[in-house]
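Engineer: Reminder that position 25 of the sequence shown reads as 24 in numbering that gives the first Met the number 0, one-by-one numbering, no gaps.
Backbone N, C-alpha and C fix where the C-beta goes; we use that ideal spot for every residue, glycine too.
Remember, predicted model here, so these are calculated numbers, not experimental data.
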Amino acid sequence: MWIENLYEPFEILIRERAVFPVDVHRHTFFELVYIVSGTGCLSAFGREVTYRPGDLFLIRPETAHRFVVETVSRFVFLRFTQQAVADCTGMLAEPFLSAQKEPDPLQLHEDDAGKIQGLFRLIWMEREKPGLSCSDVLRQWSVSALLIVARNLAARTLPDAGVSPAGRLAWLLPYIQRHIGQPERLTTEALCEVFHFSKHYLGRYFRRHYQESLGSYITRCRLRAVENELLNSARSVKEIAWKLGFSDASHLTKVFRRHTGKTPLQFRREHRFRQPDHPADGRFG
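Spelled out as C-alpha cells, the structure:
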C-alpha cells in the first residue's frame, strides 16, 4: 500500500478528477477534503460512503482509504502535519481530530456548516486569483477551517473520568455552544454528570480558568446566539425563543433587555444593515 508523506507543515491542493489517480493508500498527515462538485464515494474503515457537493471529510493519519469518482469531481484538500495541527490549534484539539474513526461526511452545527462553505469558497477563489500575501491568507483560512472542525468534533465526543480536568474543560466549551438551545443539558448538575466534575469543583475550576462563572458564560453564549439570529435570520422573536430554549418570547425579551438595554426588535432594527449575503448552496467555482 502506498504511503504519502507531507514535506512541509501545511499544503493546499485543488484538483479536478474524472478518475482518482491512486487506489487504497495512507497518509502520515491530517487531511480535510471538501467536495466542490461531482459525485462518488470514499472507502475507509471497511465502509463505503457516497459524497456530493458540499460534503467535508476528515482523514486522519494512517487511515487506509480511497476515493472512487463517479462523475467528474472537484476537490479541495487541506493537509496538515500532526505537529502543524498542534502548533496551529493547540495540543487539546488534536485528540478530537484523531478520534474521527468513521468515513462519513462531517456533520457540523448549522452555523458552522455555512462558515465552512464560505471558507472553502474563499480558499478556492484566492488560489484561482492570488492576491497580496496569498500564502498567509490561505493559511489563516485553512487553520480556521480546522478549528471549526475540531470544535464540532469536541461537541460530539465526551471525555471519560480519566481525562485531566483541563482536558475535560476543553470538551466543555464546545459542548455548551452546541447545546445552547437545550438548557436542561446545561444545568450544573447535568454538566457535572457528563464531564465527571463535582458541583463545587466545576464552578471553582471554571471561574479560575475563565475569570467568570459558569452560569455567566452560558448566559453570554445564549445572548450571542440570540444576537446572531436577530442579525442573520428572518426568524421572529417567538421562533428564536423556541430555538434557543427560552420559555417564550416574553422570557427572551426580558432577559435580552436586562443584559443589553434593548428589546430584541430594537436591536434588530438598529443593526440589521450588517446582515451578510450567503451563497445558496455548496457549489462554487
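1. Go ahead and pull the three-state DSSP assignment for His270.
2. Are Lys261 and Gly180 touching if we call contact CB-CB under 7 Å?
3. Whole alpha helix (DSSP H) runs in the region 230-259 with 4 or more residues, listed along the chain?
4. Tell me Cys220's beta-bridge partners as DSSP assigns them.
5. Out of Val35, Gly39 and Glu47, which has the shortest C-alpha to C-alpha gap to Thr70?
6. Nearest-angstrom Cα distance between Phe205 and His178?
7. Would you kindly work out how many angstroms separate the C-alpha atoms of Phe76 and Cys133, rounded to a whole number?
8. Spatial neighbours of Leu213 within its chain, please: CB distance less than 8 Å, with the 5 preceding and 5 following residues excluded, ordered by chain position.
9. Indicate the three-state DSSP secondary structure (helix, strand or coil) for Glu3 in the structure shown.
10. Quick one, which of Pro102, Pro60 and Val68 has its alpha-carbon nearest Val84's?
11. Could you tell me the boundaries of the alpha helix (DSSP H) in which Val84 lies?
Structural biologist: Taking the coordinates as given:
1. Three-state result, His270: helix.
2. Cβ atoms of Lys261 and Gly180: not closer than 7 Å.
3. As far as the region 230-259 is concerned, its whole alpha helix (DSSP H) runs of at least 4 residues are 236-242 and 248-259.
4. The partner list for Cys220 (beta bridge, DSSP) is empty, contrary to what the question assumes.
5. Of the candidates Val35, Gly39 and Glu47, the one whose C-alpha sits nearest the C-alpha of Thr70 is Gly39.
6. Computed Cα separation, rounded: 18 Å.
7. Using only the alpha carbons, I get a separation of about 17 Å.
8. Around Leu213, the same chain offers Thr187, Leu190, Leu201, Gly202, Phe205 and Arg206 as residues with beta carbons nearer than 8 Å, after the five sequence neighbours per side are excluded.
9. Reduced to three states, the DSSP call for Glu3 is strand.
10. Comparing Cα-Cα distances from Val84 to each of Pro102, Pro60 and Val68, the minimum goes to Pro60.
11. From DSSP, the alpha helix (DSSP H) with Val84 extends over Gln81 to Thr88.
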